[in-house]
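Mapping of the sequence shown onto UniProt numbering: position 210 corresponds to residue 210, and the numbering continues sequentially without gaps.
All C-beta atoms, glycine included, are put in the ideal place defined by N, C-alpha and C.
Here the structure is laid out as structure tokens; the discussion comes afterwards.
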Amino acid sequence: MAGLDPANWRDIREIGHRMLDEVFDRMEHVGEGPVWRPMPSAARQALKEGLPENGHSLDDLYERYRDLVVPYGVGNTHPGFMGWVHGAGTPVGMLAEMLAAGLNANCGGRDHAPIEVEREVIRWALQMTGMPQSGSGCLVTGSSMANFIGVIAASRAQDLAIRQDGLGNRGLVGYAATTAHGCLPRAFDLAGLGSSALRRVPVMSDHRMDVTALATMIEADRKAGLVPFMVAGTAGTVDCGAIDDLAAIGAVARAAGLWLHVDAAFGALACLSERFRPRLDGIENADSLAFDFHKWAQVPYDAGCVLVRDSAKHAAAFAQSLDYLVREDRGLAAGAPWFCDFGPDLSRGFRALKVWMTLGHYGARRMGEMVDACCDVAGDLARRIEKTDGLVLLAPVTLNIVCFGIEGLEDREVSELVQDLHESGIAAPSTTRINGRLAVRAAIVNHRTTTVHTNRMLDALIALRDDRLQAQTAR
Ligand SMILES: *Cc1c(COP(=O)(O)O)cnc(C)c1O
């Protein structure tokens, strides 16, 4: 038998339609059942089969998928999911993924329509953040990769010879607040700069970067013979959603001749909210910006995005000239610059379609309203925490993240309570540390989460706490 297409298209069409119906059934009832449940070891074991010598029928495989995979997902589509920063997806995004898989386009380059869709999506992202339309960008796995590309672009803009010669003893240093995401020091590590070359700037009591300290640190590093080249502000910190003063950081960066990078992994979407856009003032001055469509924009995983103000500098940092990737004026090999000129990936999927269809369908206004609604839910949760004995807000609620402590419990016990809550299947917040203290952290990124779900989470947490305290006094 040559080729891999089905002998009988009618059969595969039938099971395909059944799969689609069942996906819609699950989506329609996504809030029913537990947020998450532990995967039994029998199910884990059942997935260990070894490389199959002979294939299985699609019916068999689909059944195994339904039994072994579907019940034990992350839970981020469920409205009770409030952990970390996870988007929830939409039925529209799901359909777009299916269409993109059907097309199976390679978006590394060449002259074809999917590339034009990605270019349009990048123009939307530039417009959303207020960056100039002359900028460039590309879709990547996530903000970890987008921040990495930002660091590479910034260092190459500082000195393009790095591409050939390596970093040597250039003494390049960058700056980000102590609250910056761990992917930034990792980007410095991966870039060969070393994670200690990312200076951590202290934050003020409002969890935003101390911009005066930033200016002092740049000065001190210069005096010590180092070469400051970039500063990264954060729009929406991962721990509590604080927004650095991007305008002030930008002014310091400009005065010192530094590249301004912004990590706006989820915060970028607040640009679409009339209420929150003013807090992001200065984001439009970014030389590079990293954010995710798969978080607050609800596009299915994965869909990160990097934007660069100066497209020539962006391409200069990544483009290569290779005999087997030659660009022509016409034919399929035309259409330069290619997306492989803007990042480390050559082969790239058609991520743009799910972004184009999601934003295209819901529109900027409705996405902004969804952001507002998430922040309203967070605000309501924060007010309830303030009114509840034994609970204490540990950080101001700027956007959609609520961090709170539980009085009378040690850090270890708070973390156990959250694990109990996960195993109850009722809700899934996560934890973080705020000023050294363990916090329960509810991030309302899911468009399906309402106060019904945050109330349910808090009620369950309080009941679990009371059980624990009671058991302690009984002992
Ligand atoms: C989630 C997040 C990241 C990392 O993004 P990924 O898409 O998970 O790679 C970086 N910075 C912030 C502020 C984030 O919230």
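Practice task
Answer with buried or exposed for residue 104, where buried requires no fewer than 16 other C-beta atoms within 10 angstroms of its C-beta.
Solution key: exposed
Practice task
Return yes when at least one heavy atom of ligand 1 lies under 7 Å from the C-beta of residue 261, else no.
Solution key: no
Practice task
Determine the DSSP secondary structure at residue 149, reduced to helix, strand or coil.
Solution key: helix
Handout entry: Span of the beta strand (DSSP E) around residue 434
Key = 430–434
Exercise for the section: Report the option in 272, 181, 9, 372 whose CA atom is closest to the CA atom of residue 84. Expected result: 181
Practice task
State the DSSP-derived secondary structure class of residue 98, mapped to helix, strand or coil.
Solution key: helix
Exercise for the section: Identify whether residue 444 lies in helix, strand or coil by the three-state DSSP scheme. Expected result: coil
Exercise for the section: May I ask whether a heavy atom of ligand 1 can be found less than 7 Å away from the beta carbon of residue 375? Expected result: no
Problem - Closer than 7 Å: residue 238 CB and nearest ligand 1 heavy atom - result: yes
Exercise for the section: Indicate the three-state DSSP secondary structure (helix, strand or coil) for residue 244 in the structure shown. Expected result: coil
Handout entry: Outcome for residue 207 when other beta-carbon atoms lying within 10 angstroms are tallied against a minimum of 16
Key = buried
Handout entry: Whole-number beta carbon distance between residue 268 and residue 129, since they are thought to touch under 8 Å
Key = 6 Å
Practice task
Tell me whether the beta-carbon of residue 515 lies closer than 8 Å to the beta-carbon of residue 160.
Solution key: With the chain covering 1 to 475 only, the question about residue 515 has no answer from this structure.
Problem - Complete runs of the alpha helix (DSSP H) confined to the segment 155–210 [at least 4 residues] - result: 162–165, 183–190
Problem - Distance cut-off 7 Å: residue 56 Cβ against heavy atoms of ligand 1 - result: no
Handout entry: Continuous beta strand (DSSP E) stretch holding residue 260: start and end
Key = 259–263
Practice task
Check whether the Cβ of residue 265 lies closer than 7 Å to any heavy atom of ligand 1, and answer yes or no.
Solution key: yes
Exercise for the section: Starting from the N-terminal side, write out each stretch of the alpha helix (DSSP H) that is 4 residues or longer and does not extend beyond the segment 55–106. Expected result: 58–64, 91–103
Exercise for the section: Would you check whether ligand 1 has a heavy atom nearer than 7 Å to the C-beta of residue 147? Expected result: yes
Exercise for the section: For the beta strand (DSSP E) containing residue 234, list its first residue and its last residue. Expected result: 227–234
Handout entry: DSSP three-state assignment for residue 385, whether helix, strand or coil
Key = helix
Practice task
Note the first and the last residue of the continuous beta strand (DSSP E) segment covering residue 139.
Solution key: 136–140
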